[in-house]
Structures are given as structure tokens and as C-alpha cells.
């Protein structure tokens, strides 16, 4: 490899690892990596050395509940949220999505090695209170431009309200009326498909969560206090 | 703290996890979670979110354990990549004003005084990296650290460090070149 090529290889490899290469440039680099052994060698050198930075951070013990949650999420039967909202249209979906998640996991498991980036979420949102207390994490996966799925996960820090429901609203950027996206789980995860006609608005609008009676807003518009907000951010 | 498992042992645990061995997966978690949690905390600055990111990362690790290829990266490198990506997803989703609560500690990290940090790792390779980082110009070192631990791209670094874009790009590029020369000097 010529000297200037080596400089370029170093630059591309480090920018890739640090996360500075985005979109098409990132995919182009991954393609080059498969074709060029010399580039792959430079890349692996940097990967094994730059990530030593993580080892220079002091170790800190996470709380015990982290492992408990991992075990629950992976190995326990999905906790059906008995306190949740009977009329939630998500409830059926959540059940379906559990089945889908299982088949997806199997599907992933039998697939040839796949880079993690390929299944990384395309956008994420963290719904937080004014005081930045986090309630839910939303992960968007784009299967095709019209087939977008959002996985919602209730975070452990969420203050559960068994006598109420949390309803998620899309506040369109053009300030038109809030559109209900459904009820949020108070524990565990659920998945919903974004209606095709809302895909564009979801990218530009705000998300808000209001406190509603069990079963959701009786009027089709938010009736209780808006407690959490966020917006989808491209990853 | 159980941070002393060899990389061969970590590989064995990850391979068993890939075959569905829950006990091995738990042992892998016990051996690596404190280190990886330290990284999540450094990136996210908030314990609650760092724990969520760690959870998500280990869910991914379980699901992808059998896709791990030892010839491509060491187990710890592979797991670190997953944790770091999860943290950056959360960091990007966070309201902007709370993203850099801990600027101070970043500057501390980048300061000339790297003494105490030498105590945090037993790995000689990591010590070599720290030594080499300490030979860089402070601003080069800070730019690299902000990029690695806060996921900042060139434009964000330029804004954050109040420098022209070209200057920041040069700091990163030259800083990494010097780092590589230094590290290769150590190993040869």
C-alpha cells in the first residue's frame, strides 16, 4: 500500500470506529473492508486499540436489578400486564409482537453472520418529564419506506400509575390536532406499526404522553396532563 | 470485582451463551458488566440511563452471541462496540440540554494528570494506550476522548471546542497518527 493510501486507510478506519462515517460513506467503507485485506488489517488494528479507551474507565457495579431485568426480558414468559388497559389496541399487538419477536430471534439466529449495524434502530426517542426523568424508550426499525415498526419499552425508572393509562400522541409539526398513537405499556415492551399516513409526520412532529383514564382518552384528544415528551431522532 | 477473566475464558463463555447456556451468559455478565457499566456511565452521565443501555446491550449480546467471530475482534472489543452503540442511541434521543452534564470529567480525563487512571486497569495494553494518550497535545487528546466517549462528529467537536472545522479535523487526524506511532513503538 502506498504511503498516502495508508494514511487514508487509517483515517477511514478511525472515523468508522469513532462513528464519524455516516450513511453511504459508512456502507462504502464496509464494502471496501470486505474486498481489501490490507484495509481490514488496518481496521482491526485500530479496533483492538481504540476500544482500549473503554478499559481506561473505572469499573462500576451496576445495581442488581439490571441483571434481573435482563433475565426477565430474555428467559421469563412475557409478563402480561394485568393492570394494563383492557381496551388497548396495543394489547393484541403486543401479544402478536412477542410471537414475532420469538420468530425474529430464531430468524436472526439461523442467519449467516450479520453486522449488528444492519439491525440497529433507524431512529430513537426517549420520552422524559420536564425534569428529564425517563419513562419510555422508542426504537424505530424501518423494514421498508412504508413499513416502519416502533418498539416501546417502559423503563425501570417509570412511575407506574395502575389507576390510569398513559396515552402516546403525535403532535404534528404543522400544529394540527394531536393524533393518538395508542396506549403505552407500564411495564415491559410492546411493538406497533406506524400507520403509513403518519410516517412523514412522525419524523417531524413531537411526541407527548398524557395521563388518561384506564382505556385511554374518551374524547380522542388528550384530556389529562402531558407528563412526558420527546421526538424521534435519526441514529 | 471479577474483572480478571482471561480473554480465552470470555470467549468460552460467549460461545456457550451462543448455544443457549444461561449459566455461561450470567458468568459472562458478572465478569464484564462492571467494566461495561463504567463505560455506559461515562457516556451517558446518568445512572438510570446507563443501566437501561447496559440492559439493552446484554439483550443484544445474547441474541447475537453465535454471530461472534473470534478472528474479527476480541470478545471485550465486540461487547464494547455493542454497549457504546446502545449508549449513543440513547444519548441522541436525550433532550439536547442534558447531553453534556459531565463536561468537567471529560476535561479531567483529558488533563495532563493521568496518574490515578493507571490504577483502573490491569491490562498492560490499556496502560500503554494511556501512556501514549498522555504524550498527545492536550487538545488533540480531548478531541479524541470527546469523540470516543460522547460520539461527537467533527462538526459537533468544532462547536463544542469553539474551533474551525478544519482545525478539529487536523487535531483528530494528527492525534491518532501520533497515537499509532507511539503504540507501535511500544509493541516493537
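Chains as they are written, first to last, in our numbering: chain L, 7 to 241; chain V, 9 to 196.
Beta carbons are placed, not taken as given, at the ideal position from N, Cα and C, and that holds for glycine.
Is the Cβ of residue i closer than 7 Å to any Cβ of chain V?
i	result
residue 61 of chain L	yes
residue 149 of chain L	no
residue 192 of chain L	no
residue 230 of chain L	no
residue 130 of chain L	yes
residue 47 of chain L	no
residue 239 of chain L	yes
residue 79 of chain L	yes
residue 205 of chain L	no
residue 64 of chain L	yes
residue 146 of chain L	no
residue 36 of chain L	no
residue 141 of chain L	no
residue 200 of chain L	no
residue 84 of chain L	At residue 84 of chain L, the pLDDT of 49 sits below 50, so the modelled position is not reliable; the number obtained from the coordinates is stated separately. With 7 Å as the cut-off, residue 84 of chain L does not count as an interface residue toward chain V.
residue 136 of chain L	no
residue 75 of chain L	yes
residue 53 of chain L	yes
residue 210 of chain L	no
residue 269 of chain L	Missing from the structure shown is residue 269 of chain L; chain L here goes from 7 to 241 and no further.
residue 161 of chain L	yes
residue 226 of chain L	no
residue 25 of chain L	yes
residue 72 of chain L	yes
residue 111 of chain L	Since pLDDT at residue 111 of chain L reaches only 45, below the 50 mark, its modelled position is unreliable, and no value is offered.
Rounded to the nearest angstrom, how far is the Cβ of residue i from that of residue j, given a contact under 8 Å?
i	j	result
residue 237 of chain L	residue 131 of chain L	6 Å
residue 157 of chain V	residue 55 of chain V	That pair is no contact at about 16 Å.
residue 67 of chain L	residue 42 of chain V	5 Å
residue 154 of chain V	residue 165 of chain V	6 Å
residue 129 of chain L	residue 146 of chain L	4 Å
residue 171 of chain L	residue 211 of chain L	Contact doesn't hold; Cβ gap of about 21 Å is too wide.
residue 186 of chain L	residue 173 of chain L	6 Å
residue 97 of chain V	residue 127 of chain L	6 Å
residue 247 of chain L	residue 158 of chain L	Chain L is shown only over 7 to 241; residue 247 of chain L falls outside these bounds and no answer can be derived.
residue 76 of chain L	residue 67 of chain V	6 Å
residue 95 of chain V	residue 48 of chain V	5 Å
Using DSSP's beta-bridge definition, name the partner residues of residue i.
i	result
residue 76 of chain L	DSSP lists no partner for residue 76 of chain L.
residue 197 of chain V	Within the shown structure, residues of chain V are numbered from 9 to 196, placing residue 197 of chain V beyond reach of any answer.
residue 234 of chain L	L/215
residue 63 of chain L	According to DSSP, which records beta bridges pairwise, residue 63 of chain L is partnered with nothing at all.
residue 198 of chain L	L/156
residue 142 of chain L	L/133 and L/160
residue 148 of chain L	L/154
Comparing the C-beta of residue i with each C-beta of chain L, is any distance below 7 Å?
i	result
residue 19 of chain V	no
residue 47 of chain V	yes
residue 23 of chain V	no
residue 159 of chain V	yes
residue 149 of chain V	no
residue 60 of chain V	yes
residue 65 of chain V	no
residue 43 of chain V	yes
residue 155 of chain V	yes
residue 179 of chain V	no
residue 10 of chain V	With a pLDDT of 41 at residue 10 of chain V, under the threshold of 50, the modelled position of that residue is not reliable, and the figure given next carries that caveat. Not closer than 7 Å to any Cβ of chain L, the Cβ of residue 10 of chain V fails to qualify, so no.
residue 14 of chain V	no
residue 101 of chain V	yes
residue 39 of chain V	no
residue 189 of chain V	no
residue 134 of chain V	yes
residue 50 of chain V	yes
residue 97 of chain V	yes
residue 29 of chain V	no
residue 73 of chain V	no
residue 70 of chain V	yes
residue 88 of chain V	yes
residue 167 of chain V	no
residue 131 of chain V	yes
residue 36 of chain V	no
- Message: With three or more C-beta pairs closer than 8 Å as the rule, is the region 30 to 49 of chain V touching the region 220 to 238 of chain L?
- Response: no
- Does the region 27 to 34 of chain L come within contact of the region 56 to 76 of chain V, defined as at least 3 CB pairs closer than 8 Å? no
- Query: Does the region 84 to 98 of chain V touch the region 178 to 195 of chain L, meaning 3 or more C-beta pairs lie closer than 8 Å?
  - Reply: no
- Query: Does the region 56 to 70 of chain L come close enough to the region 133 to 153 of chain V to have 3 or more Cβ pairs within less than 8 Å?
  - Reply: yes
- Item | In chain order, each alpha helix (DSSP H) run of at least 4 residues that lies wholly inside the region 10 to 50 of chain L | 29 to 41
- Item | Stretch pair the region 174 to 182 of chain V + the region 69 to 78 of chain V: three plus CB contacts closer than 8 Å | no
- Does the region 13 to 21 of chain L come close enough to the region 33 to 49 of chain L that 3 or more CB-CB pairs lie under 8 Å? yes
- Can you check the region 14 to 99 of chain V for any alpha helix (DSSP H) of at least 4 residues that lies completely inside it and give the ranges in chain order? 15 to 26, 30 to 52 and 55 to 72
- Complete beta strand (DSSP E) runs within the region 153 to 188 of chain L (minimum length 3 residues, chain order): 153 to 160 and 170 to 177
- Task: Return the chain-ordered ranges of every alpha helix (DSSP H) run that is complete within the region 131 to 192 of chain V and spans a minimum of 4 residues.
- Result: 132 to 142, 146 to 158 and 162 to 169
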